[in-house]
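Written out below as structure tokens is the structure these notes cover.
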Amino acid sequence: MSDQRDASVFFIGNATTIIRCDGFTVLTDPNFLHRGQRAHLGWGITTKRRTEPAMDVYELPPLDAVVLSHLHGDHWDRVARRGLDKEVPIITTHHAAGKLKRQGFHNALGLESWDEHRIQRGDRSLTITATPARHAPGPMQMLLPPCMGSVLDFARQGETDMRLHISGDTIMDPCLSEIPQRFPDIDAAIVHLGGTKILGLLVSMDGWQGADWIQLIKPASVLPVHYDDYEAFSSGIDDFQQQVNRARLSHLVHYIGRGETYHLPVRRPGTHPQPPPGPR
């Protein structure tokens with residue numbers, strides 16, 4: 001039997017992952033469109049998918065929660081809407097939760113920045129905290145759905161086993177500066193990249209901003225996602241890798257392919273989290 005304390009991320013594609021720790025299973029930003037299908041970004045704007053997801057929605061394991069950064073078609077698509085269990089808790093923004101409830105997902109829960117939602121199971125708990133994110137510069141922000149990042153704290157008997165931060169679709173902005181102040185000891189982070197452009201404006205971090213984000217958040221380990229799946233992305237993983245190397249941060253970054261599982265550091269009593277062994 002596997003140790004429930006083991007923590008892992010299975011990368012499905014785009015920003016869609018399955019996170020496991022302490023017996024909890026969490027799905028992020030469910031996007032199961034196939035290559036050639038188009039995701040809707042609002043205002044009549046669409047973008048074509050370039051890749052295949054590593055898993056179909058009907059192949060998902062039982063879920064304790066879905067964490068959804070915002071309501072864009074490359075994070076919540078028509079396949080997820082039809083295929084996911086209507087009873088699964090979905091932790092997201094108030095904007096997204098309202099729309100999801102109208103789609104029949106009655107357990108959708110909207111959070112403001114720094115609000116928490118806890119799932120308790122015996123002596124184990126998962127606490128999800130919403131963190132700030134800014135999806136676009138200036139007035140363009142008003143044209144896009146509100147977005148959030150999140151911190152997932154997995155704990156047993158009140159002692160944290162693993163703390164994971166997910167950036168959400170954000171650009172670098174002063175609103176992010178409070179995250180490392182409140183959470184100075186992040187074991188692992190999933191960073192959304194891609195340099196997504198809508199109407200010529202950057203609405204997710206490119207390689208340069210991604211490296212700056214690592215320096216701000218200071219996680220012990222980083223997994224990049226959301227960088228090559230759609231035509232709207234303008235900054236690939238090579239751009240990020242170049243900037244990470246320039247900033248001498250490459251020892252923190254671990255690259256995971258679609259369909260791969262990456263094992264994350266789990267805190268042991270009296271020890272500092274060790275770097276994960278890598279994908280396998």
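Counting in the UniProt record's numbering, the sequence shown runs from 1 upward without gaps. Glycine included, each C-beta is placed from N, C-alpha and C at the ideal position.
Simplified DSSP state of residue i, which is helix, strand or coil
| i | result |
| --- | --- |
| Y262 | strand |
| V244 | helix |
| I12 | strand |
| R39 | Contrary to the premise, residue 39 reads as Ala rather than Arg in this sequence. A39 falls in the strand class under three-state DSSP. |
| R81 | helix |
| A54 | coil |
| A211 | helix |
| L33 | coil |
| I256 | coil |
Beta carbon of residue i nearer than 7 Å to that of residue j
| i | j | result |
| --- | --- | --- |
| L100 | G73 | no |
| C175 | H70 | no |
| T51 | N31 | no |
| residue 286 | F240 | Here the chain covers residues 1 to 280 and nothing more, so residue 286 does not appear. |
| D187 | M162 | yes |
| Y230 | G236 | no |
| I214 | P180 | no |
| V66 | S150 | no |
| residue 287 | H95 | Within the shown structure, residues of the chain are numbered from 1 to 280, placing residue 287 beyond reach of any answer. |
Residue i versus residue j: straight-line alpha-carbon distance, rounded
| i | j | result |
| --- | --- | --- |
| G122 | L143 | 43 Å |
| G200 | L33 | 24 Å |
| A189 | R267 | 15 Å |
| R246 | V88 | 42 Å |
| A54 | R182 | 34 Å |
| P265 | F10 | 15 Å |
| P277 | G23 | For P277, the pLDDT reaches just 41, beneath the cut-off of 50, and the residue's location in the model is therefore unreliable, leaving the point undetermined. |
| F154 | T160 | 6 Å |
| D206 | W114 | 25 Å |
| D85 | M172 | 34 Å |
| K48 | L111 | 30 Å |
| R156 | D6 | 12 Å |
> Is it true that the region 58-72 meets the region 26-41, where meeting means three or more beta-carbon pairs spaced less than 8 Å apart?
Replying inline: yes
>> Quick check for students: name the residue ranges of the beta strand (DSSP E) that lie wholly in the region 90-143, counting only runs of 3 or more.
In response: 90-92, 108-110, 116-121 and 124-131
> Would the region 248-257 and the region 212-224 be scored as touching if the rule is three or more Cβ pairs under 8 Å?
Replying inline: yes
> Hey, which unbroken runs of the alpha helix (DSSP H) at 4 residues or more fall wholly within the region 140-200?
Replying inline: 178-182
> On the three-pair Cβ rule with 8 Å, is the region 108-121 touching the region 154-167?
Replying inline: no
>> Three or more C-beta pairs under 8 Å: does that hold for the region 75-82 against the region 123-141?
In response: no
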